[in-house]
Amino acid sequence: MPELPEVETTLRGIAPHMEHRVIDAIEVRDDRLRQKIPTAVQRVVGHQVESLRRRAKYILIRTANGTLLIHLGMSGSLRVLTSEQEPSRHDHFDIVTGGTTIRYNDPRRFGLLLWHDSSPESHPLLSSLGPEPLGDAFDGDYLYQKSRGRRLAVKNYIMDGRVVVGVGNIYASEALFMAGISPVRAAGRVSLARYRALAAAIRDVLARAIRRGGTTLRDFVDSDGAPGYFAQELLVYGRAGQACFQCGRALQQRVIGQRSSFYCKTCQS
DNA sequence: ACAGTAACCTGTTTGC
DNA sequence: TGCAAACAGGTTACTG
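All residue numbers for the first sequence refer to the working numbering, where the first residue is 127 and numbers rise by one.
Take a look at the structure:
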């Protein structure tokens, strides 16, 4: 479910309930996630949250006694519960801070809750990640340089977290349409000018999606349980057979690298 | 090093 | 209506 804008939306929702607060308890009721939730997560209990931030699609909660890493996988969500509420199916853990319960739900169990002792950048899952798409180190020149000689489809290239983080299946299709690039074009066969347009499109679509609270296709909810409203602004994703907003011809759908991809065969090459 | 595929899960939608 | 297949926002491990 969650790509970068959805994780960012979640982070902003939980931030007021976590920043500078002491973590009173972590209640794990189902430790079966992509990796088993380690007992070491309890080490942050009793410590204040020193910083709360996002790296790629990870939420990082730093304390003086280590950092919690949370990943939402495909179907994870964090909800802020204001009153006592009975845990239900797929509620894996709660983080309790100053009377607020932050509850993690994840039906498909592709998410993570991990503990790391030092700088989270050194964690094996984070150490080889590429630059943030909204940061200074990411631009068209970077995408161009790094892609020389690569033959894989450009859509798969920009979805590779070692190249750039946070671009998932929805926003990859959207950005490629905005830049007029065919998703199946070999990454090494995209010009510098077009990579500049693509980098700009990626930044633009992610920033706009964050402003709308993310994209809810079926079940994404923010920390208040509300959906995101960017789905209304999607140009190609999920619109197979419907008219292209630019040329009016029917949009295509096909599987590229095991993922459904949407594009206009007239406007993208 | 690179590219492609299978795998990890459950829930919902689609198609016969 | 019923049942099985297909599909879903992510990521890693394995193969050749």
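The C-beta atom is built at its ideal place from N, Cα and C for all residues, glycine as well.
Span of the beta strand (DSSP E), counted from its first residue to its last, around residue i
i	result
Asn231	226-231
Asp126	Outside the displayed span of the chain (127 to 395) sits residue 126, for which this structure offers no information.
Asp397	Here the chain comprises residues numbered 127 to 395, so residue 397 is not present and cannot be evaluated.
Ser203	203-207
For residue i, the first and last residue of its enclosing alpha helix (DSSP H)
i	result
Asp330	318-337
Asp243	Unbroken run through Asp243: none, as it is neither H nor E.
Leu269	266-273
Ser395	Unbroken run through Ser395: none, as it is neither H nor E.
His444	As displayed, the chain neither begins before 127 nor continues past 395, which places residue 444 out of reach and without an answer.
Phe424	Nothing about residue 424 can be reported from this structure: the residues present for the chain run from 127 to 395 only.
Val280	280-284
Selection from the options that minimises the alpha carbon distance to residue i
i	options	result
Leu159	Leu251, Gly139, Leu239	Leu239
Glu210	Ser203, Gly225, Gly199	Gly225
Cys370	Tyr389, Gly354, Ala352	Tyr389
Gly122	Gln372, Gln368, Ala376, Pro353	There is simply no residue 122 to check, as the chain begins at 127 and stops at 395 in what is shown.
Ala182	Val291, Met200, His197	Val291
Val154	Asp220, Cys393, Thr342	Asp220
Ala190	Gln168, Gly202, Gly199	Gln168
Leu318	Tyr270, Ala357, Asp345, Leu302	Tyr270
Leu343	Ile149, Tyr355, Ile163	Tyr355
Ala279	Pro257, Leu302, Glu258, Tyr268	Leu302
Exposed unless 16 or more other CB atoms sit within 10 angstroms - verdict on residue i
i	result
Arg188	buried
Asp232	buried
Leu146	Checking the displayed sequence, the identity of residue 146 turns out to be His instead of Leu. The residue is exposed, with fewer than 16 neighbouring Cβ atoms inside 10 Å.
Thr208	exposed
Arg205	buried
Gln161	exposed
Ala166	exposed
Asp348	buried
Pro246	buried
Gln368	exposed
Ser308	buried
Val381	exposed
Pro142	exposed
Arg320	buried
Cys373	exposed
Gly340	buried
Which residues DSSP lists as bridging residue i, in chain order
i	result
Ser177	Arg188
Ser386	Val381
Thr341	Tyr355
Ala376	Ala369
Ile196	Ile185, Leu239
With three or more beta-carbon pairs closer than 8 Å as the criterion, would you say the region 359-366 touches the region 293-310? yes
Stretch-stretch touch, CB-based, cutoff 8 Å, three pairs: the region 302-319 with the region 261-277: yes
I'd like to know if the region 371-388 and the region 279-287 are in contact, where contact means that at least 3 CB-CB pairs between them fall below 8 Å. yes
Taking 8 Å as the threshold, find out whether the region 318-326 comes into contact with the region 250-270 through three or more Cβ pairs. yes
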